[in-house]
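*Asks:*
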Amino acid sequence: MRNAIDLVLREARIAGSGPDVVDIGVHDGRIVAIGPHLACEAPAHNLDGRLVVPGFVETHIHLDKSHISDRCTIRQGTLAEAFAETTAAKRGFTVEDIYGRASRTLVKAISQGTTRVRTHVEIDPRIGFKGFNAIRKLKQDYAWAVDLEICVFPQEGLLNDPGTEELLIAACRDGADLIGGCPYVDSDPHGHIARVFAIAEQFDLDIDFHLDFDLDPSWMHLDEVLRQTERTGWGGRVTVGHATKLSAIDTQALAAVARRLAEVGVAVTVIPATDLFLMGRDHDHNVPRGVTPAHRLSAHGVTCSLATNNVLNPFTPYGDCSLIRMANLYANIAQVGRTSQIAALLDLVTTAPAKLMNLTDYGIAVGNPADVVVLDCTDEAAAIAELASPLLGFKRGRRTFERSAVAINWPQA
Ligand SMILES: [Zn+2]
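When the letters of the sequence shown are read in order and numbered with my numbering, they come out as residues 3 to 415.
1. Could you give the residue range of the beta strand (DSSP E) that holds residue 401?
2. Kindly provide the chain-ordered list of residues whose Cβ lies closer than 6 Å to any non-hydrogen atom of ligand 1.
3. Does the Cβ-Cβ distance between residue 376 and residue 54 come in under 8 Å?
4. Please classify residue 154: is it buried, with 16 or more other beta-carbons within 10 angstroms of its beta-carbon, or exposed?
5. Given a cut-off of 8 Å, decide if residue 160 and residue 186 are closer than it, judged by their beta-carbon atoms.
6. So what does DSSP say about residue 219, is it helix, strand or coil?
7. Mapping the DSSP letters down to three states, classify residue 244 as helix, strand or coil.
8. Helix, strand or coil for residue 83 per DSSP?
9. Report the rounded CA-to-CA distance for residue 370 versus residue 300, giving the unit in angstroms.
10. Is residue 288 near ligand 2 - that is, is its Cβ less than 7 Å away from at least one heavy atom of it?
11. Where does residue 158 sit, in a helix, a strand or coil, going by DSSP?
12. What number of angstroms, rounded off, separates the C-alpha of residue 3 from the C-alpha of residue 244?
13. So, is residue 337 buried or exposed, given that buried needs 16 or more other C-beta atoms within 10 angstroms?
14. Measure the alpha-carbon distance for residue 303 versus residue 115 and round it to whole angstroms.
15. Select from 305, 108, 67 the residue whose C-alpha is nearest the C-alpha of residue 96.
16. How should residue 287 be labelled, buried or exposed, when 16 other C-beta atoms within 10 angstroms of its C-beta is the threshold for buried?
17. Can you tell me whether residue 273 is buried or exposed? The criterion is at least 16 other CB atoms within 10 Å of its CB, across all chains shown.
18. Bridge partners for residue 60 per DSSP, in chain order?
19. On the three-state DSSP scale, how would you describe residue 182?
20. Hey, could you find the ends of the alpha helix (DSSP H) residue 17 is sitting in?
21. Are the CB atoms of residue 88 and residue 315 within a distance shorter than 8 Å?
22. Please determine, among 33, 10, 44, 51, the residue with the shortest C-alpha to C-alpha distance to residue 20.
23. Taking 8 Å as the threshold, find out whether the region 319-333 comes into contact with the region 386-396 through three or more Cβ pairs.
24. Give the list of continuous alpha helix (DSSP H) stretches no shorter than 4 residues that lie fully inside the region 126-175.
25. How would you label residue 408, buried or exposed, when you count the other beta carbons within 10 angstroms and need 16 or more for buried?
26. Using the beta-carbon count (16 or more within 10 Å), is residue 177 buried or exposed?
27. According to the Cβ coordinates, are residue 318 and residue 275 closer than 8 Å?
28. Please report the straight-line C-alpha distance between residue 119 and residue 150, rounded to a whole angstrom.
29. Apart from the five residues on each side of it in sequence, which residues of its chain come closer than 8 Å, Cβ to Cβ, to residue 166?
30. Beta-carbon separation of residue 347 and residue 332 under 8 Å?
31. Taking 8 Å as the cut-off, does the region 128-144 touch the region 184-201 (at least 3 CB pairs, one atom from each stretch)?
32. Is it true that the CB of residue 248 sits closer than 8 Å to the CB of residue 259?
33. Spatial neighbours of residue 38 within its chain, please: CB distance less than 8 Å, with the 5 preceding and 5 following residues excluded, ordered by chain position.
34. At which residues does the beta strand (DSSP E) containing residue 366 begin and terminate?
35. Return the chain-ordered list of same chain residues with a C-beta closer than 6 Å to the C-beta of residue 29, the five sequence neighbours on each side being excluded.
36. Apart from the five residues just before and just after residue 382, which ones in its own chain have a Cβ nearer than 6 Å to its Cβ?
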């Protein structure tokens with residue numbers, strides 16, 4: 003045999019590959035064979051026809067400001083309050099504190115079957131490199147379980163906050179994986195967007211913006227992002243997160259924006275938990291959902307992902323880092339009901355975000371790293387509709403977590 007097999011996962015159903023049950027052979031951390039009844043003596047796990055995915059892909063999370071609910075107070079639940087409370091808490095952050103909280107959150111993500119993560123890290127003259135240094139160490143220390151991508155960004159603004167740009171540039175020089183922006187907090191949003199594109203061009207980095215956080219569709223920073231993406235030829239390398247204004251337009255207008263996004267190559271990350279929590283706070287009843295319809299954009303050819311964003315802080319005082327739960331929440335909000343449509347939502351937390359992050363080695367295929375997560379179900383729709391538990395995970399062929407399937411103690415006959 004050309005490649006020895008040192009681990010085999012038997013009777014797996016690979017998500018997106020039809021109903022056939024196959025064995026997955028692993029050697030030296032990579033997938034070397036996929037097929038029925040692989041002949042080998044290697045240690046085996048029998049998956050009994052359970053569904054496997056190449057791990058969930060989290061495109062948008064804030065590890066550095068996660069787990070601070072105990073230091074903050076939520077009275078109104080508005081965006082302004084979330085900003086004020088988090089900014090105040092940030093003043094007490096140390097590298098050790100950030101590392102400790104971020105690890106707790108990352109371990110949750112690992113235990114939910116996530117194998118690839120893009121985390122947004124705040125850079126400004128007050129926090130300096132504390133978050134960046136903590137998360138860089140985390141990236142190294144947890145490489146056994148997850149590939150962590152660091153997106154540095156100016157959460158408190160860029161042109162309104164002197165000293166921030168120099169720090170962002172230093173972070174890009176010092177190993178940041180990509181650059182983010184947050185134009186809605188800036189005194190000069192278009193200038194902010196232009197500077198982010200300039201830094202991306204200088205360091206040849208992909209871009210991930212925080213956009214919107216309101217429901218007024220009469221104007222959009224998205225237009226400027228699209229224009230700059232075209233101008234710089236950055237199509238396929240730009241993502242916008244939230245994009246809540248797109249939840250406030252009708253089907254026709256949405257189709258027009260979607261065609262532009264697909265044509266120019268701007269991806270969209272939808273963040274159901276945060277947007278549900280913070281949007282529509284000026285309504286005391288019939289509160290709008292404020293969640294952009296990712297599956298509709300996706301149907302128009304836009305690369306979309308569903309993501310976690312904040313965990314246990316004033317922006318989102320919840321979170322278990324489960325992307326299955328996020329897809330289920332989204333399905334419910336967006337009224338996705340047909341079995342085939344529910345099944346397709348699994349793509350928005352696996353293959354589509356992998357495309358958004360331009361990952362070239364993602365997927366259960368020969369030659370790729372043996373990243374495999376076993377779900378307690380046998381088909382894609384059940385994974386989302388029934389919130390299937392991730393039972394077992396491997397990163398580069400090494401087991402990273404396991405969870406027991408529930409056992410019912412039936413009464414004796
Ligand atoms: Zn965010």
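C-beta: ideal position from N, C-alpha, C; glycine also.
Just so you know, these numbers come straight off a predicted model, no measurement behind them.
*Replies:* According to the structure data:
1. 400-404
2. 62, 64, 122, 212, 243, 311
3. yes
4. buried
5. no
6. coil
7. strand
8. helix
9. 26 Å
10. Judged by which ligands are present, ligand 2 is missing from the structure shown, whose ligands are ligand 1.
11. coil
12. Unreliable placement is indicated for residue 3, whose pLDDT of 48 sits below 50; the coordinate value is still reported in the next sentence. Approximately 49 Å between the Cα atoms of the pair.
13. exposed
14. 27 Å
15. 67
16. exposed
17. buried
18. 119
19. strand
20. Looking at the DSSP string, residue 17 is not in any alpha helix (DSSP H), and its letter there is neither H nor E.
21. yes
22. 51
23. yes
24. 132-143, 166-175
25. exposed
26. exposed
27. yes
28. 5 Å
29. 125, 126, 127, 156, 158, 159, 160
30. yes
31. no
32. yes
33. 22, 23, 24, 25
34. Per DSSP, residue 366 belongs to no beta strand (DSSP E) and is neither H nor E.
35. 5, 6, 7, 8
36. 17, 345, 348
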